[in-house]
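Asker:
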Amino acid sequence: MTSPSPTTLQSLSITLPNSFIEMLPMDGGGEAARNWFVGYLARKVLRADNERKEAEYHNLGAKEMERILGASPRRWVINPLLTARVIEVNEKYAAGRFSKGYRLSIAYRLELIGGDYRVEQLTDKAQLRRFSRWQERRHEKALERFPHLQHQLDAADHFTVDLQALDDYLYDLELCGKWRGKELAKGRHEYLTAQAKSMAAFFDGSERWAHFASGRIHTALTNTPRDLRQFIIPKNGDDLIEIDLKSAQLVFLCVVIRSFYRQGGIYGSEDFHQKVIEDRFDLFERDGLTPSDVYPFISTVLHDDIYTMFQEEYLQGSYTILNAKQRRLPHIKREAMKKATFSKILFTPNRTPPSAAGGLRQLVWNEYPSVMDFIQQFNDHSTRTKRSSELATLLQELEGSFFNEHLAGALAAFEPDCGFFIIYDAVFVSERHAEALQGWLESVSRTLYRAELSHSSSLTLT
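Letter by letter, the sequence shown follows residues -7 to 454 of the working numbering.
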């Protein structure tokens, strides 16, 4: 595996909205840093697959800003871009927990989506050195957080990419002008092409970077649209199998709730996140601290498909909760129900207590009051602008620890010749190693929580 060093990187492609290019040069120094920062935020917009993600703020801490943008980034980069209304800043932050957020102003986001931009080459040596060192430091921090990450990255050597089939797919997309049922704008097509190149570079070893953020390991693969994964093939000639954890976020929500009550049900602990991650217990053990209605919620998550609690009636606007196990929803309806579960129940901005909210939240509260009260109080205590983001981050931290520390560690120790790669809550492996990997997934879940967490496997072919 090789990566560009500060001394070998000669240029860097950055995407800049045309109207931003037209206003250049801006007064004062810092031009290269400003251009890089606008290009960084532009890439975030082009990478998004929906309007909500396009408008997200992206967090960078003060030290990280200095590392990538040079000394006095507020003076030379942020303030000039704010004055010119190129970017917007979410000024809220909490030391040691989350940083200020940045995004492009809506006019520039719309330009990018509409294809009104150019790809420029950044050649400023000082900025290239800062970028390379920033990349290297992020990679080092990821390795520090998860010591088995290097083995995980090396295990990707067992796979390659069918470049011809991938090129044909991108060409067909360009001809039909559609992607996922929507018009394939210039910006989105170029983004898909760039992601395809990054995926290929990851597997040929030339750009196998990783970084750790919000509890998760991020690589070129975690950013790659699902459609492109079908072109990843095991070198041993097998089919590629995807094994994912069923209802992963809700499983880890169960872990958080049980750990919370085991710790005495007290909010405000500065190291609460770490205590939850390090906690080991039997998910179903009656400990006298956990309210009784938590256990049937855990059972529904682990042993049933919890999304079948919310049947077709919910999609049509009336609400029905069924306690008995029901048939699984068709995939399309289940995906809609899954999104509704998080947007309407877990990650809602609604500050009204669920007991008084009416509708879906109240109905779930009637069934599992302790679960809903925990979610409400946890979100109420968050100091983040998006009140549910702290809970989302904690669930991601648990997910990251489960897969990148415990499962990857087991594979490194006992299946060192097994090729695999991890994308958040899913593991990809060649068919001949799928059974062994499933066994280790079950072993890890029994070790941590004395329970077998459900998983599913499928071919990645579409």
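Beta carbons: idealized from backbone N, C-alpha and C, even for Gly.
Check whether the Cβ atoms of GLU389 and GLY207 lie closer than 7 Å to each other.
Answerer: Their beta carbons are under 7 Å apart, which means GLU389 touches GLY207 by this criterion.
Asker: Whose C-beta lies closer than 8 Å to the C-beta of PHE194 among residues of the same chain, with five residues either side of it excluded?
Answerer: Hits under 8 Å: ALA148, ARG200, THR211, ALA212, LEU213.
Asker: Exposed or buried, which one is GLU103 when buried takes at least 16 other CB atoms within 10 Å?
Answerer: Buried, since its Cβ has 16 or more Cβ neighbours within 10 Å.
Asker: Within 10 angstroms of the Cβ of MET364, are there 16 or more other Cβ atoms? Answer buried if so, exposed if not.
Answerer: When all chains shown are included, MET364 counts as buried.
Asker: Taking VAL286 as the reference, which of GLU359, GLU112, SER97 has the closest Cα?
Answerer: Of the listed residues, the one whose Cα sits closest to VAL286 is GLU359.
Asker: Inspect the beta-carbon positions of ILE337 and ARG353 and report whether they are closer than 7 Å.
Answerer: Yes.
Asker: Residues in its own chain within less than 6 Å of MET18 by CB, not counting five upstream and five downstream?
Answerer: Counting only Cβ-Cβ distances below 6 Å, and skipping sequence neighbours, we find PRO72.
Asker: With TYR441 and ASP274 assumed to form a contact (beta carbons below 8 Å), what rounded beta-carbon distance in angstroms separates them?
Answerer: Rounded, the Cβ-Cβ distance is 7 Å, consistent with contact.
Asker: As an exercise, report each continuous beta strand (DSSP E) stretch of at least 3 residues that is fully enclosed by the stretch 105 to 142, in chain order.
Answerer: Counting whole runs of 3 or more residues, the stretch 105 to 142 contains the beta strand (DSSP E) stretches 109 to 114.
Asker: Measure the C-alpha to C-alpha separation of TYR253 and LEU281 and round it to an integer number of angstroms.
Answerer: One C-alpha to the other measures close to 6 Å.
Asker: Three or more C-beta pairs under 8 Å: does that hold for the stretch 370 to 380 against the stretch 217 to 232?
Answerer: The stretch 370 to 380 vs the stretch 217 to 232: no contact.
Asker: Between which two residues does the beta strand (DSSP E) holding ARG95 run?
Answerer: Unbroken beta strand (DSSP E) run through ARG95: 93 to 96.
Asker: Spatial neighbours of ASN371 within its chain, please: CB distance less than 7 Å, with the 5 preceding and 5 following residues excluded, ordered by chain position.
Answerer: Cβ neighbours of ASN371 beyond the five flanking positions: ARG379, SER380, LEU383.
Asker: Can you tell me whether DSSP reads ASN10 as helix, strand or coil?
Answerer: It is helical.
Asker: Tell me where the beta strand (DSSP E) around GLU80 begins and ends.
Answerer: Here the beta strand (DSSP E) through GLU80 covers 79 to 82.
Asker: Over what stretch of residues does the alpha helix (DSSP H) that includes VAL243 continue unbroken?
Answerer: Looking at the DSSP string, the run of the alpha helix (DSSP H) that includes VAL243 is 240 to 254.
Asker: Could you have a look at PHE151 and say whether DSSP puts it in helix, strand or coil?
Answerer: Three-state DSSP puts PHE151 in a strand.
Asker: Using the Cα positions of SER449 and THR385, report the straight-line distance between them to the nearest angstrom.
Answerer: Going by the C-alpha atoms only, they are around 26 Å apart.
Asker: Taking the beta carbon of HIS295 as the centre, do at least 16 other beta carbons fall within 10 Å, making it buried, or is it exposed?
Answerer: Its Cβ having fewer than 16 others within 10 Å, HIS295 is exposed.
Asker: Pairing CB atoms from the stretch 112 to 127 with CB atoms from the stretch 167 to 180, are three or more of them under 8 Å?
Answerer: At 8 Å Cβ cutoff, the stretches do not touch.
Asker: Could you tell me which residues DSSP puts in a beta bridge with GLU270?
Answerer: None, per the DSSP bridge assignment.
Asker: Which stretch, first to last residue, makes up the beta strand (DSSP E) that contains ALA205?
Answerer: First-last of the beta strand (DSSP E) with ALA205: 203 to 205.
Asker: What does the alpha-carbon distance come out to for the pair ARG180 and SER291?
Answerer: Spanning the two alpha carbons is a distance of roughly 42 Å.
Asker: Are there 16 or more other CB atoms within 10 angstroms of the CB of PHE204, so buried, or fewer, so exposed?
Answerer: PHE204 should be labelled buried.
Asker: Specify the secondary structure class of PHE276 as computed by DSSP and reduced to three states.
Answerer: Reduced to three states, the DSSP call for PHE276 is coil.
Asker: Hey, how far is the Cα of GLY20 from the Cα of ASP108?
Answerer: GLY20 and ASP108: Cα-Cα distance of roughly 26 Å.
Asker: Out of ASP271, LYS330, ARG278, THR439, which one is the CA nearest neighbour of THR300?
Answerer: Closest by alpha carbon: LYS330.
Asker: Where does SER393 sit, in a helix, a strand or coil, going by DSSP?
Answerer: Reduced to three states, the DSSP call for SER393 is helix.
Asker: Please list, in chain order, all residues of the same chain as ILE60 whose beta carbon is under 7 Å from its beta carbon, the five residues on each side excluded.
Answerer: Closer than 7 Å at the Cβ level, and outside the excluded window around ILE60, lie ARG122, PHE123, TRP126.
Asker: Mind checking whether GLN187 and THR216 have CB atoms under 7 Å apart?
Answerer: Their beta carbons are under 7 Å apart, which means GLN187 touches THR216 by this criterion.
Asker: Using the C-alpha atoms, what's the distance from ASP41 back to ALA332?
Answerer: Cα to Cα, ALA332 sits roughly 18 Å from ASP41.
Asker: Could you have a look at PRO345 and say whether DSSP puts it in helix, strand or coil?
Answerer: Three-state result, PRO345: coil.
Asker: Return the first residue and the last residue of the beta strand (DSSP E) that GLU234 is part of.
Answerer: From DSSP, the beta strand (DSSP E) with GLU234 extends over 232 to 237.
Asker: To the nearest angstrom, how far is it from the Cα of LYS267 to the Cα of VAL436?
Answerer: About 19 Å.
Asker: Where does ARG59 sit, in a helix, a strand or coil, going by DSSP?
Answerer: Helix at ARG59.
Asker: Can you give the Cα-Cα distance for LEU162 and SER91, rounded to whole angstroms?
Answerer: Taking the straight line from one Cα to the other gives about 37 Å.
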